[in-house]
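See below for the structure under consideration.
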Amino acid sequence: MTAPVIAVTSGEPAGIGPELCLELAGWSGEGRPVVLGDRELLAQRAAMLGLDIVLRDYLPAVPAAPGTLDIIHLPLAKPAEASILDAANGPYVLALLDRALAGCQSGEFAAMATAPVHKGVINDAGVAFTGHTEYLADKTDTPLVVMMLAGDTERGPLRVALATTHLPLKDVPAAITGELLERTLRIVDADLSGKYGIAEPRILVAGLNPHAGEGGYLGREEIDIIEPALARLRGEGLQLSGPHPADTMFTPPVLAGGDAVLAMYHDQGLTALKYATFGNGINVTLGLPIIRTSVDHGTALALAGTGQADAGSLFAAVSEAARMAQRATARKQA
Ligand SMILES: NC(=O)C1=CN([C@@H]2O[C@H](COP(=O)(O)OP(=O)(O)OC[C@H]3O[C@@H](n4cnc5c(N)ncnc54)[C@H](O)[C@@H]3O)[C@@H](O)[C@H]2O)C=CC1
Ligand SMILES: NCC(=O)COP(=O)(O)O
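Take 13 as the starting number for the sequence shown in our numbering and just add one per residue.
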């Protein structure tokens, strides 16, 4: 099987994304990464860090080579300086995503893996933007996608999907509806099978309130919304447990009972996930018609240009995208 080509968007030009992408030069892991970004930016960052790398325009028929980074050049609007955000380059960051998405849709790429973007500066550029997840859902006309972060722990993989993502905390309770939970859990179930090859996924579902509502004395969302949604889905054959009190859900004995967790909101799930897996964790968008993985961290502006940023998460995102692409190909051929 030929290595699946993974489009790697280099993300915010003032952040650590470009220099992490340089570390993909001579990649010998799974898949064939191709970095989308401004050639001059990548060359400057390589020179700044003293990296001896050949930047080469990507040609599908020319095999990957040691010490060489295959790139697709897309021009910056303005030269970028490490650590200094400039809203003028907001559209450039989005152009990288659009190019990667177009290539995934046409079959040029098997998947995309994204380096971090800075949500604030894209908004400063006049584009309402809450994240790749929502952007790619919108661009592919996908009515609902699910953000899941995953990483390896000493006890095995930890996967945490989110019922709500980039939402102010005060808006979370109203967003948790039975319909949202049902649609979200169906996507998680389907993609744990399709993207991860887990035959009968077991999903642990968190409660929303302390102690999962303490029988209604600390909130009624568990009784009124979450439990009925789980009961309906169990009737369809999904293997669900919960609602679990979130404070003890991430203890080893509880986690051993599931292949993934569904958290009700961003920090309920990701605080535990990042504590356990920072450095090798990744972000996956479930429910999209294409494969998209990402790093689990942000632009780390203070580290840009220092060479101190850890590329482990980007490496893991490229590898996982390649494995997912290989599973998709195997399924089509079966
Ligand atoms: N996938 C994406 O595009 C993501 C983008 N972001 C965006 O990034 C921006 C900054 O977010 P923050 O909350 O400050 O998070 P951050 O992840 O950029 O930084 C948090 C801490 O982790 C450190 N860190 C991050 N990545 C690292 C790496 N690869 N190696 C070593 N240390 C690393 C930073 O130095 C900092 O101390 C925001 O605009 C946020 O929206 C945040 C998460 C994911
Ligand atoms: N906390 C995860 C995050 O902010 C990444 O969001 P996205 O850009 O992957 O949608």
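Ideal Cβ positions, reconstructed from N, Cα and C, are used throughout, including at glycine.
Backbone CA spacing between residue i and residue j [nearest angstrom]
{"i": "residue 326", "j": "residue 33", "result": "8 Å"}
{"i": "residue 199", "j": "residue 59", "result": "44 Å"}
{"i": "residue 152", "j": "residue 95", "result": "32 Å"}
{"i": "residue 187", "j": "residue 276", "result": "10 Å"}
{"i": "residue 178", "j": "residue 171", "result": "18 Å"}
{"i": "residue 232", "j": "residue 220", "result": "9 Å"}
{"i": "residue 57", "j": "residue 90", "result": "15 Å"}
{"i": "residue 184", "j": "residue 206", "result": "29 Å"}
{"i": "residue 224", "j": "residue 254", "result": "9 Å"}
{"i": "residue 211", "j": "residue 266", "result": "20 Å"}
{"i": "residue 109", "j": "residue 264", "result": "37 Å"}
{"i": "residue 52", "j": "residue 64", "result": "15 Å"}
{"i": "residue 300", "j": "residue 155", "result": "9 Å"}
{"i": "residue 323", "j": "residue 208", "result": "23 Å"}
{"i": "residue 150", "j": "residue 142", "result": "11 Å"}
{"i": "residue 340", "j": "residue 182", "result": "39 Å"}
{"i": "residue 298", "j": "residue 176", "result": "13 Å"}
{"i": "residue 192", "j": "residue 252", "result": "16 Å"}
{"i": "residue 75", "j": "residue 294", "result": "27 Å"}
{"i": "residue 117", "j": "residue 337", "result": "13 Å"}
{"i": "residue 243", "j": "residue 226", "result": "19 Å"}
{"i": "residue 197", "j": "residue 248", "result": "11 Å"}
{"i": "residue 343", "j": "residue 119", "result": "16 Å"}
{"i": "residue 313", "j": "residue 166", "result": "30 Å"}
{"i": "residue 285", "j": "residue 80", "result": "34 Å"}
{"i": "residue 287", "j": "residue 73", "result": "42 Å"}
Reference residue i, options the options, closest by Cα
{"i": "residue 270", "options": "52, 278 and 261", "result": "261"}
{"i": "residue 121", "options": "233, 67, 172 and 18", "result": "18"}
{"i": "residue 245", "options": "104, 39 and 194", "result": "194"}
{"i": "residue 332", "options": "312, 345, 309 and 292", "result": "292"}
{"i": "residue 348", "options": "313, 100, 169 and 346", "result": "The shown model of the chain, from 13 to 346, leaves out residue 348, and the question about it has no answer."}
{"i": "residue 85", "options": "93, 68, 73 and 101", "result": "68"}
{"i": "residue 161", "options": "174, 167 and 267", "result": "174"}
{"i": "residue 217", "options": "127, 272 and 176", "result": "272"}
{"i": "residue 115", "options": "222, 132 and 47", "result": "47"}
{"i": "residue 335", "options": "280, 149, 142 and 123", "result": "123"}
{"i": "residue 132", "options": "97, 92 and 294", "result": "97"}
{"i": "residue 87", "options": "274, 72 and 103", "result": "103"}
{"i": "residue 259", "options": "180, 294 and 222", "result": "222"}
{"i": "residue 307", "options": "55, 112, 70 and 163", "result": "163"}
{"i": "residue 280", "options": "256, 167, 166 and 66", "result": "256"}
{"i": "residue 107", "options": "136, 50, 243 and 158", "result": "50"}
{"i": "residue 311", "options": "83, 127 and 136", "result": "127"}
{"i": "residue 204", "options": "235, 274, 147 and 148", "result": "274"}
{"i": "residue 158", "options": "146, 112, 70 and 313", "result": "146"}
{"i": "residue 144", "options": "112, 55 and 343", "result": "112"}
{"i": "residue 309", "options": "302, 328 and 303", "result": "328"}
{"i": "residue 278", "options": "344, 313, 345 and 180", "result": "180"}
Own chain partners of residue i with C-beta closer than 7 Å, once the 5 adjacent residues on each side are dropped
{"i": "residue 190", "result": "237, 240 and 241"}
{"i": "residue 201", "result": "213, 215 and 250"}
{"i": "residue 105", "result": "23, 24, 129 and 134"}
{"i": "residue 92", "result": "25, 26, 53, 98 and 101"}
{"i": "residue 230", "result": "221, 222 and 223"}
{"i": "residue 55", "result": "67"}
{"i": "residue 70", "result": "46, 82, 83 and 84"}
Residues of its chain near residue i, where Cβ-Cβ distance is below 8 Å and the 5 sequence neighbours each way are ignored
{"i": "residue 330", "result": "18, 20, 36, 39, 41, 42, 43, 45, 125 and 305"}
{"i": "residue 315", "result": "28 and 321"}
{"i": "residue 61", "result": "31, 34, 317 and 319"}
{"i": "residue 139", "result": "102, 103 and 106"}
{"i": "residue 283", "result": "none"}
{"i": "residue 302", "result": "113, 116, 117, 123, 124, 148 and 152"}
{"i": "residue 268", "result": "167"}
Contact set for residue i: own chain, Cβ-Cβ below 6 Å, skip 5 residues either direction
{"i": "residue 15", "result": "43 and 44"}
{"i": "residue 296", "result": "160 and 305"}
{"i": "residue 78", "result": "38"}
{"i": "residue 136", "result": "99"}
{"i": "residue 235", "result": "228"}
Closer than 7 Å: residue i CB and nearest ligand 3 heavy atom
{"i": "residue 322", "result": "Among the ligands in the structure shown, ligand 3 does not appear; only ligand 1 and ligand 2 can be found there."}
Contact with chain B by residue i, beta-carbon distance below 8 Å
{"i": "residue 269", "result": "The chain inventory of the structure shown lacks chain B, comprising one protein chain alone."}
Practice problem: Within the segment 212-252, note down every full alpha helix (DSSP H) run reaching 4 residues or more, in order along the chain. | Solution: Correct list: 239-247.
Quiz item: In the segment 249-281, which residue ranges form an unbroken beta strand (DSSP E) of at least 3 residues, counting only runs that do not cross its ends?
Solution: Counting only runs of 3 or more, we get 251-256 and 272-275.
Quiz item: Unbroken alpha helix (DSSP H) runs of length 4 or more, entirely within the segment 125-195: which are they?
Solution: Correct list: 131-136, 144-151 and 184-187.
Exercise. Enumerate, from N- to C-terminal direction, the unbroken beta strand (DSSP E) stretches of 3 or more residues contained entirely within the segment 294-340.
Key: 294-298 and 304-307, all fully within the segment 294-340.
Quiz prompt | Those runs of the beta strand (DSSP E) which lie wholly inside the segment 48-102 and span at least 3 residues | solution = Counting only unbroken stretches of 3 or more residues, the beta strand (DSSP E) elements lying wholly within the segment 48-102 are 66-69 and 80-85, in sequence order.
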